[in-house]
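Take 18 as the starting number for the sequence shown in this note's numbering and just add one per residue. Ideal Cβ positions, reconstructed from N, Cα and C, are used throughout, including at glycine.
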Amino acid sequence: MLFITSNKGKFKEVKEVAKIFSIEIEWLNREYEEPQGESLEEIAIKSAKKLAKEIKEPFFIEDSGLFIESLNGFPGPYSSYVFKTIGNKGIIKLMEGIESRGAYFKAVIAFFDGSEIKTFDGIVYGEISREIRGGGGFGFDPIFLYGNRTFAEMGDEKNLVSHRRRVLEKFFSSLKKQA
Ligand code: ITT
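Structure below.
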């Protein structure tokens, strides 16, 4: 199964979960333009439709975001841009003095089966930490607390509970049912 992403950390996690389901993943390391949209679903579907014009075999993409509850879901669908601009330090700064720190990661998969596009989602709840912690993972992992550790401190354990793990379980189970 072809997985299109420019994010190496994502690919690594997807490959590990795929192994459990005995699914072989082929990585197409390609950056595609993400259209703006209200939701991750909308963005993922639009991106998959565009890619399906060129790529005729089945593939999937995965769009994720960090949603901070006291910031009304920011950065959400803008996570990639916000990570590149203000990064983890910027988020910690934005959250200074805010006591309510609830946040979640959401991942949406858009799967093109050769004729149609289907979507799946996965969510994990946690909190925004007060400082950057841990050397593992990628992206916002060093500021996302799951229990008393950040995802960046959890090593391989992140991949047992993450939004990505959850969306992949739904997606891979549906593939197995069809096979
Ligand atoms: P592709 O679109 O090429 O797959 P991307 O890095 O642009 O790669 P997203 O748009 O889905 O991926 O990701 C939005 C942002 O959220 C980006 O800055 C990621 O680093 C971050 N992110 C996604 N999944 C994450 C995770 O599991 N842990 C921490 N940060 C994550």
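Extent of the continuous alpha helix (DSSP H) run through residue i
{"i": "Ile-62", "result": "57-69"}
{"i": "Lys-175", "result": "175-178"}
Span of the beta strand (DSSP E), counted from its first residue to its last, around residue i
{"i": "Asn-46", "result": "43-46"}
{"i": "Ala-35", "result": "Premise fails: Ala-35 lies in the alpha helix (DSSP H), 25-37, not in any beta strand (DSSP E)."}
{"i": "Ile-103", "result": "Premise fails: Ile-103 is in no beta strand (DSSP E) and is neither H nor E."}
{"i": "Ala-127", "result": "119-129"}
{"i": "Ile-21", "result": "19-22"}
{"i": "Asp-138", "result": "134-145"}
Contact belief for residue i with residue j at Cβ below 8 Å, rounded distance in angstroms
{"i": "Ile-109", "j": "Glu-144", "result": "With 8 Å as the limit, Ile-109 and Glu-144 do not qualify as a contact, their Cβ atoms being about 12 Å apart."}
{"i": "Ala-120", "j": "Glu-79", "result": "No, Ala-120 and Glu-79 are not in contact; Cβ-Cβ is about 19 Å, not under 8 Å."}
{"i": "Ile-6", "j": "Phe-161", "result": "Nothing about residue 6 can be read from this structure; the chain reaches only from 18 to 196."}
{"i": "Asn-105", "j": "Pro-52", "result": "So it is not a contact: roughly 26 Å between Cβ atoms."}
{"i": "Glu-71", "j": "Leu-19", "result": "Going by Cβ atoms, the distance from Glu-71 to Leu-19 rounds to 12 Å, so no, they are not a contact pair."}
Selection from the options that minimises the alpha carbon distance to residue i
{"i": "Ile-115", "options": "Leu-88, Phe-137 and Phe-100", "result": "Leu-88"}
{"i": "Lys-175", "options": "Phe-122, Glu-59 and Leu-19", "result": "Phe-122"}
{"i": "Phe-128", "options": "Ile-60, Gly-151 and Arg-166", "result": "Ile-60"}
{"i": "Glu-58", "options": "Ile-72, Glu-43, Ser-81 and Lys-29", "result": "Ser-81"}
{"i": "Ile-62", "options": "Thr-136, Tyr-95 and Glu-113", "result": "Thr-136"}
{"i": "Ser-17", "options": "Ser-96, Val-141, Lys-67 and Met-18", "result": "The requested residue 17 does not occur in the structure, where the chain is confined to residues 18 to 196."}
{"i": "Ser-179", "options": "Ile-140, Ala-35 and Leu-192", "result": "Ile-140"}
{"i": "Glu-43", "options": "Lys-29, Glu-50, Glu-51 and Gln-53", "result": "Lys-29"}
{"i": "Tyr-49", "options": "Thr-102, Phe-38 and Asn-24", "result": "Asn-24"}
{"i": "Asp-138", "options": "Gly-131, Leu-185, Gly-107 and Gly-172", "result": "Leu-185"}
Neighbourhood of residue i by C-beta distance below 7 Å, restricted to the same chain and skipping five residues each side
{"i": "Ile-85", "result": "Phe-91, Ala-120 and Ile-145"}
{"i": "Gly-154", "result": "Gly-26, Phe-168, Ala-169 and Lys-175"}
{"i": "Glu-33", "result": "Asn-176"}
Own chain partners of residue i with C-beta closer than 6 Å, once the 5 adjacent residues on each side are dropped
{"i": "Ile-21", "result": "Leu-45, Arg-47, Phe-76 and Ile-78"}
{"i": "Phe-157", "result": "Leu-83"}
{"i": "Ala-35", "result": "Ile-42"}
Beta-bridge pairing of residue i - partner residues as DSSP gives them
{"i": "Arg-166", "result": "Tyr-163"}
{"i": "Ser-81", "result": "Ala-124"}
Own chain residues within Cβ distance below 8 Å of residue i, not counting five before or after
{"i": "Ile-134", "result": "Ile-62, Ala-65, Lys-66, Ala-69, Ala-127 and Phe-128"}
{"i": "Gly-54", "result": "Ile-60, Lys-63 and Pro-94"}
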